[in-house]
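The block underneath contains the structure these notes are about, expressed in structure tokens.
Number of protein chains: 2
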Amino acid sequence: MTMNSELSAVLAHVDDNLDEGLERLKALLRIKSISTDPAYAPECRRAANWLSEQLQDLGFEAAPRQTPGHPVVVAHSPDQVGPHVLFYAHYDVQPVDPLSQWHSDPFEPVVQTDAKGNRIIIARGASDDKGQMMTFIEACRAWKTVTGTLPVRVSMLLEGEEESGGPSLPDFLTTHRDELSAADIALVCDTRMWDAATPSVITMLRGLVAEEIEITCARKDLHSGMFGNAARNPNQILAQIIASLRTADGSVAIPDFYDDVAEISPELKAQWAGLGFDEGAFLGTAGLSVPAGETGRTILETLWARPTCEINGMTGGYTGDGFKTVIPATACAKISFRLVSNMDPEKIRQAFRRHVEAQLPPDCTIRFTGHGGSPAITVPSDGAALQKAISALTEEWGKRAVITGSGGSIPVVGEFKRVLDLDTFLIGFARIDNKVHSPNEKYDVESFYKGTRSWVRILAALAD
Amino acid sequence: MTMNSELSAVLAHVDDNLDEGLERLKALLRIKSISTDPAYAPECRRAANWLSEQLQDLGFEAAPRQTPGHPVVVAHSPDQVGPHVLFYAHYDVQPVDPLSQWHSDPFEPVVQTDAKGNRIIIARGASDDKGQMMTFIEACRAWKTVTGTLPVRVSMLLEGEEESGGPSLPDFLTTHRDELSAADIALVCDTRMWDAATPSVITMLRGLVAEEIEITCARKDLHSGMFGNAARNPNQILAQIIASLRTADGSVAIPDFYDDVAEISPELKAQWAGLGFDEGAFLGTAGLSVPAGETGRTILETLWARPTCEINGMTGGYTGDGFKTVIPATACAKISFRLVSNMDPEKIRQAFRRHVEAQLPPDCTIRFTGHGGSPAITVPSDGAALQKAISALTEEWGKRAVITGSGGSIPVVGEFKRVLDLDTFLIGFARIDNKVHSPNEKYDVESFYKGTRSWVRILAALAD
């Protein structure tokens, strides 16, 4: 068979075996793999074992690997051909509280038609991330069943602590660097489509630098009658420092802050402009109506491609009920920066500290506490592999797949880059209404079905 | 006898009867009149009864008057001559915790010589306020004993809830307005001398306006990755508003804020300049070294005669351990203003609110909660009665008595002005090292002795 006729046969196999695939997904959904609750540790092991066995059945060398926490399933296809992908997903799920708000047992999946007429499967983990994970495994199954092999080399890394902060994974990656860094690209299936009709690949994630500052003036709390005017008030100083972090036009006012911020390409800008993003509706979900970022830029641009400085917390003095006329000794703030393109977390941290220190009036000392930092992730949007994935998705969905960003960070992607030096394509088929982490979580059967077909196509495309 | 020879005789009587006076003070100090602890309510009643009996013995019409809390002792001298003074003090005391730090029983007064060679009496309330109260009562006793009468009409108001927030007094004053407002002037003995050698009358107290603001942007907490740049951050807005309240030169930046602030007279300014106030030492007690108030003014001036704006508390977002990348929905601050001269609390409140509202960006709402307000108190420093008191104090101490201010508020003085329309002279003989509210509270025997003589002279002077 040629690749094209093979692809058609594999897609036809997916079409003909959807119900069997759904049954396998249901079996996985019945395992109560809540990672954060130690009581469910045996269920996490069950899920890891179930996945290993499924992958072994498909001819993978697969096994649950022990960690200080829940096992990580690592699998390698024996096929020694073509490019090599490392697929990542997680088999653990969020707790189900509040249980009373579920309309059915969270661990007894129900397939039904929803109010919009869509077939959906309801269970904890249906979308996040078991349903998504199984789209890839089912795609591999279809290829193996029809052709006896996979079009590319596939490794898998299926972790069990994503919903509990993933404490074991960074060390695991370091320990298994040689084994895992052999891949050419990572594929992460834990995101959503741009909308129900438009597939997307996320290639930009903002980085993060978090800082805590504590300003001390007097060595004890003072009475504002006895000292008000004479003593410096750290609340006032902190407010002045925070106010100095932003300009009136919404940009960050720290010197050198934008030095390493690259403008996105006109092509990407045009593509984002064409997404039909409804700024008013987006802000409306939060009860807002006017964007707060840099003027003259779209919200998508300021969220995905521009850095931000946010005051995540601040406190000083008396904050209980009633009133206390105190001049506190200290005031604190937690401040974080989201980074883009080539911004260096340490360089930004130092620029921030210099900016703050330069403003300290007499009698004030400041203590900085760093809370970690990670650079932004940007996968070059003109790479050949990315273009192949885009084409495959476009073919499956009949609509041009879009390259998007994310304003947040996805730690595993940073770890893949840092430890394994791997770029990641974030490709997922979830929808915004999937109620992940909430009662009655669902995954559309169409997401599962066309997601599986999408991966069938992507694996073929990457082999070209 | 002429007034002068009468005065000499009365002073001589004080000199000859110091020990008996100290015994009476000790008897009062043995009563455990802790007002804040309901277990000591009977002791508060005992103290009120003891004082009433003492005053009755001196010919006063005196009785404990019931209130919802502890009794108020009201006493009137039957002498229908001359000006009429209303003397205020409080018979209740602070709790004694931590008891282990006392070197003797807090309620078994000890007279001893301290490390500086001064005779002191140690007990809870020795200074605050039983010792001070008894200087006035002993002065009345001396006048009555020697001359059979008092040189002026004297009423007394001895309350029992000063250390527990004085909840009953404002209503009590209102209910007894006719009875109490007949006085010409109030005398409050609950303050200290300028230093151990220099008597003082406090005639200026700053007023207070307290405001709480809550700024709301989004209708729920947001993820700073998903919304950072797009959504307005109320912490940032609050910081900008607070920063806008002060100028770089230490003044308050609210329009119209200083409209009703009068400059103090050159005479008073000169007197304060001559007090020998050590700015460095004062700031040093708080670990500070540079005054924060308006440049070009002394600390005493900014504390006593200039208004201030202090951020007593602020909070927004996540303030616990670690970090949370949240954009909070709300941020709050507690802000108070100390007022001077003719500043109107309501006018200042409205000026503040206008100033804040004018800066609110789109998508922000603000809620103001007023926490009360009271005007500043200023007793004209050129009044005849004040000059008489100053002269009497000067004569007793051999050093010019000074007119000072206080940066804080003393609520009862405001209530006397508001309810009874009475000006108050704050005259006290305590010293800064008296450890009021602390273990081993003491009062110098010299304070008690010369305090009593001071009142003997002031009563004579006011009669002139």
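Keeping their order, the protein sequence lines are chains A and B. Under the working numbering, the first residue of the first sequence is numbered 2, with each subsequent residue one higher. Under the working numbering, the first residue of the second sequence is numbered 2, with each subsequent residue one higher. Cβ coordinates follow ideal geometry from the N, Cα and C atoms, glycine included.
Backbone secondary structure at residue i - three-state DSSP
i      : result
D130/B : coil
I214/B : strand
I411/A : coil
N119/B : coil
Y444/A : strand
T326/A : coil
K436/A : coil
L269/B : helix
K494/B : The structure shown has nothing for residue 494/B, since chain B only spans 2 to 465.
H224/B : strand
E109/B : coil
R46/A  : helix
K33/A  : coil
F353/B : helix
N230/B : coil
T331/A : strand
E264/B : coil
I391/B : helix
I336/A : strand
A461/B : helix
L289/B : coil
R247/A : strand
N313/A : strand
Proximity test, Cβ basis, 7 Å: residue i and chain D
i      : result
S382/A : No chain D appears in the structure shown, which is made up of the protein chains A and B.
Euclidean distance between Cα positions of residue i and residue j
i      : j      : result
G70/A  : T37/A  : 10 Å
F449/B : D261/B : 40 Å
E212/A : K131/B : 52 Å
E358/B : I367/B : 8 Å
M205/A : S290/A : 26 Å
G294/B : I378/B : 21 Å
E442/B : A271/B : 34 Å
A116/A : A240/A : 49 Å
A140/B : H177/B : 26 Å
A551/B : P363/A : Because chain B spans 2 through 465 in this model, residue 551/B falls outside it and cannot be assessed.
A332/B : I300/B : 32 Å
P171/B : G409/A : 57 Å
E268/B : L387/B : 15 Å
I265/A : S382/A : 10 Å
L340/B : P308/B : 5 Å
D93/A  : I138/A : 16 Å
R220/A : G288/B : 5 Å
G321/B : F258/A : 28 Å
A274/A : T199/A : 15 Å
F88/A  : T316/A : 43 Å
N5/B   : A462/B : 10 Å
F278/B : D196/B : 10 Å
Spatially closest choice to residue i from the options, by CA coordinates
i      : options                           : result
Q95/B  : H85/B, V86/B and F108/B           : F108/B
C190/B : A184/B, V202/B, A183/B and E180/B : V202/B
C310/A : T68/A, R350/A and A330/A          : R350/A
A306/B : I433/B, N343/B and T316/B         : N343/B
D179/B : P308/B, D422/B, D129/B and V437/B : D422/B
L223/B : V327/B, E302/B and K33/B          : V327/B
T296/A : G251/A, F173/A and Q237/A         : G251/A
I243/B : L174/B, T136/B, Q57/B and R354/B  : R354/B
R233/B : Y92/A, E44/A, L284/A and F417/A   : L284/A
Beta-bridge partners of residue i, as assigned by DSSP
i      : result
T366/A : T217/A
D1/A   : This structure gives no information on residue 1/A, because the portion of chain A shown stretches from 2 to 465.
P65/A  : V74/A
H91/B  : E160/B
V155/B : V86/B
G281/B : BP columns for G281/B are empty, so no partner.
| field | Inter-stretch contact (C-beta, 8 Å, three-pair minimum) for the stretch 157-171 of chain B and the stretch 70-90 of chain B | value | yes
| said: Within 8 Å, do at least three Cβ pairs link the stretch 412-429 of chain B to the stretch 182-197 of chain B? | reply: Here the stretch 182-197 of chain B makes contact with the stretch 412-429 of chain B; the two share three or more CB pairs at distances below 8 Å.
| Below 8 Å, can you find three or more Cβ-Cβ pairs linking the stretch 213-221 of chain B to the stretch 334-348 of chain B? | Touching, yes.
| message | Quick check: the stretch 448-463 of chain A against the stretch 6-14 of chain A, are at least 3 beta-carbon pairs closer than 8 Å? | response | yes
| Is there contact here, the stretch 431-438 of chain B with the stretch 118-129 of chain B, by at least three beta-carbon pairs under 8 Å? | yes
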